[in-house]
Amino acid sequence: MNPYLPIVLLLVLAAVICTAMVTLSWLLGPKRITPYKSAPYECGVEPVGSARERFPIKFFLVAMLFILFDIEVVFLWSWMAVFRDWTETGHPAAAYSFWAVMVYMFLWFLGDAYVIRSGALDWEVSATLHPAKLGDLAEGPEVSDEPRPVPPSVAPAAAETAGSAT
Amino acid sequence: MEATQLIAQASQMSMTEEVLWAGLRIVIVVGFTLSIIPLIIWWERRLLSWMQDRIGPNRVGPFGLLQPIADGIKLFMKEEIVPASVDRLIYMAAPAAALLPALIIGATLPWGPNRLLTPIADVDIGILWVLAVSSFGIYGVMLGGWASNNKYSLLGGLRSSAQLISYELAMGVALYSVVLPTGSLRMTEVVATQHEPLWGVVLWAQNWFIFTPYGLLAGVIFLITMVAETNRAPFDLPEAESELIGGFHTEYSSMKFAVFFMAELGMMMLFSGVFAVMFLGGWSPLPLNWEYLANQSDLAGVSWLSSPLLFIGGSAMAPVWFVAKLAVGVSCYIWLRATLPRLRYDQLMALGWKLLLPMAALNFVVVAIWMLYGWWAFFGSVAVLALLYFYVVAAILKPRAERDKVEIRLVDVPVSTAKTIEVGKES
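For the protein sequence lines, the chains are W and V, in the order given. Residue numbers for the first sequence follow my numbering, beginning at 1 and rising by one. Residue numbers for the second sequence follow my numbering, beginning at 167 and rising by one.
Put into structure tokens, the structure is as follows:
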């Protein structure tokens with residue numbers, strides 16, 4: 001028998017149970033719909049706007065990094081399944097593959113170091129393009145009473161707001 | 167011995183018999199998971215109450231044991247409120263997608279040496295199955311958060327998906343250090359490796375991975391990541407009540423609401439099982455080599471001792487010990503929840519990516535060096551890599567730390583004794 005057959009059977013059973021759990025309460029419970037009940041919950045206040053908003057790019061960045069690193073991680077599973085046999089039998093591939101993997105891991109650590117160094121995982125630093133916050137980033141930690149120098153990339157926008165303010 | 171005979175027997179079985187045995191295995195595991203969830207709910211509420219000097223539910227049935235069942239019936243009968251603005255199909259599918267991994271993640275988990283009863287499928291990708299299914303758990307949370315069309319749900323779902331994938335990575339790399347010395351991804355092989363003599367020399371003890379230096383580190387990393395993977399405190403940011411109401415399940419009511427918690431509790435229990443199989447010697451009650459001890463007691467003239475020893479370490483008692491380990495694991499989860507405050511989100515991501523992932527990867531490199539060059543190379547490389555690690559970490563983090571140094575100065579205080587107050591700066 002195919003060893004994966006029980007897994008398929010399990011998947012079918014689990015799918016049936018999950019569907020039953022979700023539909024049973026739909027069938028058993030009462031249904032008295034009112035406009036207040038069917039409004040999105042926002043702490044009792046009338047909901048403001050749609051929830052399909054823009055969200056921070058950091059989440060997307062983390063997802064991309066996960067894909068990259070996870071693929072790198074998955075590559076090594078096959079090597080790990082044979083490495084013990086090779087070391088025990090003194091197979092010549094043991095040392096060779098070991099050093100190949102070490103080169104691979106060196107590049108892996110290089111990538112990890114680059115990701116950390118470039119600040120891709122620093123959630124406490126704002127990634128917004130808002131001129132004021134961007135000014136903070138460009139300026140550094142010095143605190144001065146003089147007006148902040150506006151970085152050139154956002155200079156027109158900042159000048160506009162400054163103009164409208166005066 | 168018994169197990170190998172059963173496997174030999176199994177190879178002679180007809181197709182129908184095998185399918186029937188597979189059905190029995192599935193019913194055992196899924197039935198146990200589903201029937202133990204109410205007990206876990208009760209135990210969590212009671213244990214948490216005792217830790218907080220309360221009594222907890224004790225009215226329905228003896229010791230309040232029937233409370234979760236009463237709650238379940240009530241939840242089934244409750245009105246199911248589906249907000250008007252949700253994406254209906256995905257909204258309905260999300261709780262099912264959350265529960266599915268909790269039911270199928272135990273497919274490759276061995277509960278005892280008897281191959282006819284567990285695991286459901288003793289396939290050679292056992293560990294990959296666990297990792298794959300645990301990352302499938304993201305779908306329920308993320309789809310639920312998105313389909314609800316509620317800002318709190320969306321934020322909870324986003325946070326959760328970023329958290330789960332971050333810790334998924336560290337979890338996989340931590341398991342490297344177990345798979346490499348085992349030489350197989352089959353979970354029964356991992357347990358068999360741990361039943362060998364401790365460090366290859368101590369004959370009366372078992373080589374549980376938690377007793378090896380690399381296994382201890384991998385075990386700690388796995389423990390942290392498995393708590394994060396199940397969205398439990400202190401990593402329960404997706405449903406941080408104080409800021410996101412309920413997070414991804416804000417808009418869910420009735421049984422759909424309960425299904426998310428069933429999934430969480432089921433995952434909790436089965437991840438405890440995975441931890442037991444990977445690091446705590448599977449179904450063996452104590453790290454003792456039972457057959458060796460029985461032989462020794464025969465030789466030493468205390469032969470009355472050998473049959474109890476064989477009974478304790480034998481296949482009949484194995485599932486009992488395994489379930490005991492599950493109970494300890496679940497209790498530790500609850501203990502963590504009662505003890506630790508919730509992490510801040512940037513701390514959470516920093517912990518996963520900057521500490522756990524590099525440490526797990528370095529651990530794996532050290533294990534590979536040990537397997538090829540032995541113990542001396544192992545300790546040498548640990549020393550070199552530890553130095554290198556701290557040097558590199560310092561080099562990477564230093565400019566950022568300098569930049570982030572916050573200087574708070576309060577100037578021009580409008581009181582009579584006006585003077586500059588400086589905080590956080592040494593003169």
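For each residue, glycine too, the CB sits at the ideal point set by N, CA and C.
- Query: Name the DSSP bridge partner or partners of residue 363(V)?
  - Reply: 372(V)
Return the bridge partner residues of residue 265(V) from the DSSP annotation. Its beta-bridge partners do not exist; DSSP assigns none.
| Buried or exposed: residue 233(V), going by 16 or more other Cβ atoms within 10 Å of its Cβ? | buried
Give me the chain W residues within the contact set of residue 373(V), using Cβ-Cβ distance strictly less than 9 Å, ordered along the chain.
Simply none; closest approach about 14 Å.
- So, does the CB of residue 317(V) fall closer than 7 Å to a CB anywhere in chain W? yes
Sort 375(V), 457(V), 487(V) by Cα distance to residue 475(V) and report the nearest one. 457(V)
I want to see whether chain V comes within less than 7 Å of residue 99(W), judged by CB atoms only; does it?
No, because no Cβ of chain V sits closer than 7 Å to the Cβ of residue 99(W).
### Query
Interface residues of chain V around residue 87(W) at Cβ under 7 Å?
537, 538
message: Buried or exposed for residue 164(W), going by 16 or more other Cβ atoms inside 10 Å?
response: Model confidence at residue 164(W) stands at a pLDDT of 45, short of 50, so the residue's coordinates are unreliable; what they give is reported in the following sentence. With fewer than 16 Cβ atoms within 10 Å of its Cβ, residue 164(W) is classed as exposed.
Is residue 297(V) near residue 338(V), with beta carbons less than 7 Å apart?
Yes. Within cutoff.
Can you say whether residue 553(V) is buried or exposed, counting buried as having 16 or more other CB atoms within 10 angstroms of its CB?
exposed
So for residue 454(V), helix, strand or coil by DSSP? Residue 454(V): strand per DSSP, three-state reduction.
(request) May I ask which residues mark the beginning and end of the alpha helix (DSSP H) holding residue 422(V)? (result) Note, residue 422(V): alpha helix (DSSP H), 420–445.
Open item on the list: Nearest by alpha-carbon distance to residue 270(V): which of 228(V), 197(V), 391(V), 185(V) is it?
Closed with: It is 197(V).
Neighbour list for residue 73(W) in chain V, Cβ cutoff strictly below 7 Å:
335, 338, 339
Taking any Cβ of chain W, which residues in the segment 414–428 of chain V have a Cβ under 7 Å from it, in chain order? Listed by position along the chain: 416, 417, 420, 421, 422, 425.
When you compare only the Cα positions, how much space is there between residue 519(V) and residue 120(W)?
Looking at the two C-alpha atoms, the distance is approximately 10 Å.
Handout entry: Under 8 Å by beta carbon: chain V residues contacting residue 62(W)
Key = 328, 331, 332, 515
DSSP three-state assignment for residue 43(W), whether helix, strand or coil:
coil
What span of residues does the alpha helix (DSSP H) with residue 200(W) cover, start to end? A query on residue 200(W) cannot be resolved here, the shown segment of chain W reaching from 1 to 166 and no further.
**Message:** Under 8 Å: do the segment 389–400 of chain V and the segment 331–351 of chain V share three or more Cβ pairs, one atom per stretch?
**Reply:** yes
* Could you work out which residue in 412(V), 447(V), 429(V) is closest to residue 353(V) when comparing CA atoms only? => 447(V)
Can you confirm whether the segment 309–321 of chain V touches the segment 48–57 of chain W when touching is taken to mean that 3 or more C-beta pairs between the two stretches lie within less than 8 Å? yes
_Taking only three categories from DSSP, how would you classify residue 218(V)?_
Looking at residue 218(V) - three-state DSSP - the assignment turns out to be coil, as it is neither helix nor strand.
Fill in: The alpha helix (DSSP H) enclosing residue 515(V), as first and last residue numbers
Residue 515(V) -> alpha helix (DSSP H) spans 511–516.
Does residue 142(W) pass the burial test, meaning 16 or more other C-beta atoms within 10 Å, or should it be called exposed? In this prediction, residue 142(W) scores a pLDDT of 48, lower than 50, which makes its location untrustworthy; no coordinate-derived value is stated.
### residue 84(W) - containing alpha helix (DSSP H), residue span
Start and end: 57–89.
Could you check what DSSP says for residue 212(V) in three-state terms: helix, strand or coil?
The answer is helix: DSSP assigns residue 212(V) an H, G or I state.
For residue 530(V), the nearest candidate out of 230(V), 294(V), 380(V), 247(V) (CA to CA) = 380(V)
Practice prompt. Might you give, ordered along the chain, the residues of its own chain that have their beta carbon closer than 6 Å to the beta carbon of residue 12(W), omitting 5 neighbours on each side?
Written response: Within the same chain, residue 12(W) has no close Cβ partners at all.
Using a Cβ cut-off of 7 Å (strictly closer), state whether residue 57(W) contacts chain V. Taking Cβ atoms only, chain V never reaches closer than 7 Å to residue 57(W), which makes this a no.
**Message:** Under DSSP, the alpha helix (DSSP H) around residue 322(V) begins and ends at which residues?
**Reply:** 317–348
Who are the neighbours of residue 29(W) on chain V, taking C-beta pairs under 7 Å? Residues of chain V passing the Cβ test: 243, 244, 245, 246, 420.
| Which term fits residue 377(V), buried or exposed, when burial requires 16 or more other beta carbons within 10 angstroms of its beta carbon? | buried
Identify, in the order they occur along the chain, each residue of the same chain with its Cβ nearer than 7 Å to the Cβ of residue 8(W), setting aside the five sequence neighbours on each side. none
Tell me which residues share the same chain as residue 252(V) and place their Cβ nearer than 7 Å to its Cβ, disregarding the 5 neighbours each side in the sequence.
Hits under 7 Å: 313, 314, 315, 417.
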